[in-house]
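Residue numbers (the numbering used here), protein chains in the order written: chain A, 1 to 104; chain B, 105 to 208.
There are 2 protein chains.
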Amino acid sequence: MATLTHLPHPDVADVEVTDVLFALSDPARLQIVRELAAGPLTMAECGVTNPDLPKSTKSHLMKVLREAGIVRNEPDGRRRVVSLRKDELDARFPGLIESVLGER
Amino acid sequence: MATLTHLPHPDVADVEVTDVLFALSDPARLQIVRELAAGPLTMAECGVTNPDLPKSTKSHLMKVLREAGIVRNEPDGRRRVVSLRKDELDARFPGLIESVLGER
DNA sequence: AGATCGGTTCGAACGAAATGGAACTATCTC
DNA sequence: GAGATAGTTCCATTTCGTTCGAACCGATCT
Numbered sequence: 001m002a003t004l005t006h007l008p009h010p011d012v013a014d015v016e017v018t019d020v021l022f023a024l025s026d027p028a029r030l031q032i033v034r035e036l037a038a039g040p041l042t043m044a045e046c047g048v049t050n051p052d053l054p055k056s057t058k059s060h061l062m063k064v065l066r067e068a069g070i071v072r073n074e075p076d077g078r079r080r081v082v083s084l085r086k087d088e089l090d091a092r093f094p095g096l097i098e099s100v101l102g103e104r
Numbered sequence: 105m106a107t108l109t110h111l112p113h114p115d116v117a118d119v120e121v122t123d124v125l126f127a128l129s130d131p132a133r134l135q136i137v138r139e140l141a142a143g144p145l146t147m148a149e150c151g152v153t154n155p156d157l158p159k160s161t162k163s164h165l166m167k168v169l170r171e172a173g174i175v176r177n178e179p180d181g182r183r184r185v186v187s188l189r190k191d192e193l194d195a196r197f198p199g200l201i202e203s204v205l206g207e208r
């Protein structure tokens, strides 16, 4: 099996809108995406608004975002850097991320 | 209790993005919204793509859309007319509906 | 009034997703 | 190599959502 360090990332062309919408429909996940809009973060850094969230739970939230093609999660030394796949999402779903993040 | 004929509709100002995103994250519900984008429909008319869907199921799908502020459901004689609350949604979440419906 | 039509609500069964602790893996430091 | 660090995965539990039949409701028609 492939190394654990490189997690599987779907091609954005293969993800359905409904998957993206579902991933963003959870407040905790949406908050993470908002934080990532400003730039990549390590796992430890993101989720500032949810300080005492168990790491297994956070990891699972991130997995949903990753499998929906919203986020990229790459190893970097002994931690991981998470980034928003903004350009790819914009190409596939023009205006979506903008409008979701732009409210309020 | 209030009359059954007039169903409760949230003020769009009170609905959360996450509620809207969740409601749209189901393929059957999203399909209904696509159909409604062209104009109001009666319950019987919408769901063309899902012909043999039990009416209780369809009613429930519609309830989720209604409670998310996406759709208006008003009595009209002995049937009901369902319409997309497009203007209100556009005002509250600019570009959202457009980008969700615009993909593909 | 009674029957029918179009739709909603109730309730139960089922399925899917969230949660979080414990075990595991990889990397870095000493 | 041993220990600490930063995360992921596994598993069990609980919570939440879906599905659909049956009962119900209001409007219409005869």
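The C-beta atom is built at its ideal place from N, Cα and C for all residues, glycine as well.
Using the DSSP secondary-structure output, state which residues sit across from residue i in a beta bridge.
i, result
"L84(A)", "V71(A)"
"T42(A)", "V81(A)"
Listing by chain order, which chain B residues have their CB less than 7 Å from the CB of residue i?
i, result
"S99(A)", "F197, P198, G199, L200, S203"
Give the interface partners of residue i over in chain A, defined as CB-CB distance under 9 Å, in chain order.
i, result
"V175(B)", "Ordered by position in chain A, no residue passes the 9 Å Cβ test against V175(B), which lies about 16 Å from the chain."
"A169(B)", "For the record, residue 169(B) in the displayed sequence is Leu; it is not Ala. Near L169(B) there are no residues of chain A at all, since even the closest Cβ is about 13 Å away, more than 9 Å."
For residue i, collect the residues of the same chain with a Cβ closer than 8 Å to its Cβ; drop the 5 residues on either side in sequence, then sort them by chain order.
i, result
"A13(A)", "R92"
"R80(A)", "T42, M43, N73, E74"
Between the options, which lies nearest to residue i when the distance is taken from Cα to Cα?
i, options, result
"D191(B)", "E207(B), V185(B), L200(B)", "L200(B)"
"V119(B)", "L36(A), A37(A), S25(A)", "S25(A)"
"A127(B)", "L188(B), P114(B), A142(B), L169(B)", "L169(B)"
"P144(B)", "R189(B), H113(B), G173(B), K162(B)", "R189(B)"
For residue i, go through chain A and note every residue whose CB falls closer than 8 Å to its CB, in chain order.
i, result
"T122(B)", "L24, S25, D26, P27, L30"
"G206(B)", "P94, G95"
With a threshold of 16 other CB atoms inside 10 Å of the CB of residue i, please say whether the residue is buried or exposed.
i, result
"V152(B)", "exposed"
"A37(A)", "exposed"
"R133(B)", "buried"
"D115(B)", "exposed"
Short of 7 Å in beta carbon distance, which residues of its chain neighbour residue i, apart from the five on each side in sequence? Order them along the chain.
i, result
"E98(A)", "none"
"E139(B)", "L145, C150, V152"
Might you give, ordered along the chain, the residues of its own chain that have their beta carbon closer than 6 Å to the beta carbon of residue i, omitting 5 neighbours on each side?
i, result
"S187(B)", "P144, R176"
Using a C-beta to C-beta distance shorter than 7 Å, which residues of chain A count as neighbours of residue i?
i, result
"L140(B)", "Near L140(B) there are no residues of chain A at all, since even the closest Cβ is about 16 Å away, more than 7 Å."
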